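Chains as they are written, first to last, in the working numbering: chain A, 595 to 969; chain B, 595 to 969.
Right, one structure below, let's go through it.
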C-alpha cells in the first residue's frame, strides 16, 4: 500500500506545486477540500463533488461522533464506504467545533467535556479519543487535537492556549496508530504573534508530523494579519511535508495563501454561500436573489463549465432561489464548488508555468471589475 | 412538425399500450408524469428526472402564473428552455390549485378571482386566461380550465359544478390556439355519480379534445369508489385519444387504473414522500427515519437500480434523513421517481405480453409481504 507522502512537482517563488499520496489515492496541491460535515457535502452527491474536480473531502469529527457515531460508521465499513467517497478524506479533530457548537464546555489539561448541541448528551474529547474517532472513521489524514485560540487574545492567553495545544499534539502523536497511507498533521497555533507561531512550529517539527496545518486564522483577524502570520509561519515548516491552512477561505485569501506556500484549504464558504444565493464568479460574488437577475437570460458565468452555468439562465437561478427550491441550493452549491476547483486548477497551472504572481494580479484585477451589468 | 396524436401499440383487456406524439417528442403510455410545480421537479435536476425514465413532466399554471409569471417565462423562451427540459410538458389549468391554495377565492360563471398565497396580489383565472398562460408557457399538453368538484358533494352540487366545468371546457376549446404537436385535453367531472360522469364525457366528446382526463378523483373518495368511477368512465372515452387520471396516485391506484384503461398519471406522492423519509419499494413503503434502519448495511431495495439503492446503505439514508441533510431529500426523491418509472415500465411490458392481470396480482402479493426485516 502507498506510503503517505508529499511529492514536490515544482516551485514558483514560495508557491508550491505538489501531490499528496494517501491510502485512498493522491490529490494535487494546491488543493481545496469541500466540507462534508455530516458525511455529506451538503446538497451534492459524491459523484457531483468529484465532477467539480475535488479530489479530497473533509469530514467533521464533532458532528460524526454525535451522529451517527464513529463506532457505527466503523461497523458499517468506515466513512468512505458510508458516504460513498472513494478518494482521500481528511477529518478535523473536533477541537474547533466543540468550542463553537457544543454546550456547557469545560476545558482542562485532559481535554474537553461537553454536552451535545443535538440532544444534550455528555461527551469527552481528548487527544486520545480524537485519534480513536478519526481512526474509526478511517480518515486518510488525521488532525491533531488542539484548542483553537480565540481572537482577539492577549499574548499570554494565546501562549497558554498554544502550549496546551502543543502538549495535546504530543499526546495525539502518541495515540495515533500508524497505518500505511494514513498521515497525522500537527497544527501550528499562536494567534497573530510571530514568536508564538515560531515556538509552536518548532514544537511540532520536534515531535514530527506527516503534514503541518496553520490553525487559528480566519477567525476575525483580517486578511492582512492572516497573510503576515503566514509570512512568518510557512518558512518554519518542513519543505517535504504538505501545509494546510484550516478554514480558509474566500477566493482572494486562497490565492494569497498559495503565494505564501500553502498547499491545502478547506472552507464552508462555497457550500454555505450556495445555499444563501451567493455565487462566486471570475468577476466577484453575485447575489442571485437580487431582482436585477429576474429577466436575465444569460448564464451566471459564461466562462464556467458547471451545470448551473451550462444549462440555466440567471433568471431561472433567481426564480429557484426566490422560490426556495432545493434545485437552487443544488445548482449554486455545484457552481461554487466548481468555481473553487477551477481556481485551484488555474493556480496549479500558473505555478507550473512560473507565473503565479502574474496570475494573482490578473485574478485581483478581474475580481475588482465586478459583475457584468444586468440586461 | 409532428401532429399531436395517440398511437395504439396494443391492448390487454382494458389496459392499453401506446405512445403519445407531441411537439417535444413522444412518450410511452401508461406514463407517470413527475410534478414540476414551480418549473422544477423538487430536489432533482432535469437530467436525473430523465435518468429515472420519465419522458414527460407536469408544470403548474397556478404557481407559475404567480412566480415568475407566464409572461416572463415566455420572454425567456418558454418553460422548456427555462427549466431545461426538452421533452414533453403537460400543464394543468390552475383550476385545482387556485381552489386549494389561493386566498379570498370568488368563483362565478366567468371564472375565479383570487389573491395570491405568496403576496396577496389580485388575479383572475378564466378559461381564456388559462389557455393564454398555458400557451405562453409552451405546454405540449394544455388542460381545459375546470372546477374540481369538492368531495363529498351532493348530486346537485356535483352536477352544477360539472356543468360549469363543461361550459368552461367549451370556452377553453374556443380559446385554445391550435399549434402542430400541441394538444388540448378535456376533463371529465361528475364526482362519484355515474350518470354525471356519462353526461360529462358526452359533453366533452361532443366538443372534441385531443385527450381526455378524469378529474375530481383521489380527493378522499377511496380506492374502491375511484375504481368504480373509472369502470363507468373510461369506456365512454374515445379509443383513439389518451386518457389521463389527474393527481393519482399510490402505486396500487396506478396499477388498478391502468387495468381500467388509463394511460397517464401525475402525483406529488413520490416527490413529496421522498422529502419526508418515505420510500416506495416492491414490498411496500419504508419509513427510512425509523430507528431499525440505523445499522442496516443493506440497500433500500436490492432490486432497484437507482443511485440511492446502488451507492448507499439504509443506515446512511437513515442518517441523512435524521440529520435533515439535503442529500437525503435528493436520494429518496430520486429513488421514489425511479420506483414509479420502474412500475410504469413493468406495466407496459406486462400489457405488451398480455399478462397485465397477472402482473397486478403479483404486484399486490409482493406489496402485502411488507418490508424485509431489519438485521
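Using N, Cα and C, we set each Cβ at its ideal position, and we do this for glycine too.
Predicted, not measured: the structure shown is a model, and the values here were computed from it.
Of all residues in the segment 908 to 919 of chain B, only 909, 910, 912, 913, 914, 916, 917 and 919 place a beta-carbon less than 9 Å from a beta-carbon of chain A. Residues of chain A with a Cβ closer than 9 Å to the Cβ of residue 881 of chain B do not exist, since the nearest Cβ in that chain sits about 17 Å away. In terms of beta-carbon proximity, residue 749 of chain B stays away from the interface with chain A, with every pair separated by 9 Å or more.
When the beta-carbon positions are compared, residue 738 of chain B and residue 803 of chain B come within less than 9 Å of each other. For the segment 817 to 849 of chain B, the full-length alpha helix (DSSP H) segments reaching 4 residues or more read 817 to 827 along the chain. When C-beta distances to chain A are compared with 9 Å, the residues of the segment 668 to 681 of chain B below that value are 669, 670, 671, 675, 676, 677 and 678, in chain order.
Annotation: residue 732 of chain A to residue 675 of chain A spans about 10 Å, alpha carbon to alpha carbon. Short of 6 Å from the beta carbon of residue 729 of chain B, and not among the five residues preceding or following it, lie these beta carbons of its own chain, in chain order: 771. Straight across, the Cα-Cα distance linking residue 655 of chain A with residue 859 of chain A is about 17 Å.
Under the Cβ distance rule, residue 790 of chain A does not count among the residues neighbouring chain B, no pair being separated by less than 9 Å. A residue is called buried once 16 or more other Cβ atoms fall within 10 Å of its Cβ, and residue 870 of chain B, having fewer, is exposed. Scanning A:662, A:898 and A:896 for the CA closest to the CA of residue 710 of chain A turns up A:662. Excluding sequence positions up to five before and after residue 653 of chain A, its CB lies within less than 6 Å of the CB of 630, 673, 683 and 685, all in the same chain and listed in chain order. Where residue 638 of chain A is concerned, there is no enclosing beta strand (DSSP E), because DSSP gives it neither an H nor an E. For residue 908 of chain A, there is no enclosing beta strand (DSSP E); the enclosing alpha helix (DSSP H) covers residues 908 to 916. In this structure, the alpha-carbon of residue 765 of chain B lies about 17 Å from that of residue 707 of chain B.
Residue 886 of chain A places its beta carbon 9 Å or farther from that of residue 915 of chain A. When 9 Å is used as the limit between beta carbons, residue 906 of chain A is near these residues of chain B: 676, 677 and 678, in chain order. Against residue 923 of chain A, the close residues of chain B are 920, in the order they occur along the chain (beta-carbon pairs closer than 7 Å). Annotation for residue 863 of chain B: the continuous alpha helix (DSSP H) segment containing it runs 863 to 868. In this structure, residue 939 of chain A sits away from residue 604 of chain A, with a CB-CB distance that is not shorter than 9 Å. Within chain B, the C-beta atoms nearer than 8 Å to that of residue 637 of chain A come from 920, 921 and 924, in chain order.
For residue 854 of chain B, the closest C-alpha among the options B:612, B:825 and B:876 is that of B:825. Contacts between residue 888 of chain A and chain B, judged by CB atoms closer than 9 Å, involve 662 and 666 in chain order. Taking the C-beta atoms as reference points, residue 929 of chain B is found nearer than 9 Å to residue 874 of chain B. Interface criterion not met: the Cβ of residue 691 of chain B is under 9 Å from no Cβ in chain A. For the pair residue 945 of chain A and residue 609 of chain A, the CB atoms are nearer than the 9 Å cut-off. When 7 Å is used as the limit between beta carbons, residue 634 of chain A is near these residues of chain B: 914, 919 and 921, in chain order.
Secondary structure note for residue 653 of chain B: its beta strand (DSSP E) is the uninterrupted segment 651 to 653. In its chain, beyond the 5 residues on either side, 630, 633, 634 and 640 have a beta carbon closer than 7 Å to the beta carbon of residue 677 of chain B. In this structure, the alpha-carbon of residue 620 of chain A lies about 30 Å from that of residue 908 of chain B. With distances taken between CA atoms, residue 900 of chain B lies nearest to B:926 out of B:747, B:761, B:926 and B:712. Here residue 845 of chain A is buried, its C-beta having at least 16 other C-beta atoms within 10 Å.
At a cut-off of 9 Å, the C-beta of residue 817 of chain A has no neighbouring C-beta in chain B. Here DSSP, grouped into helix, strand and coil, assigns residue 787 of chain B to coil. Around the C-beta of residue 835 of chain A, 16 or more other C-beta atoms lie within 10 Å, and the residue is accordingly described as buried.
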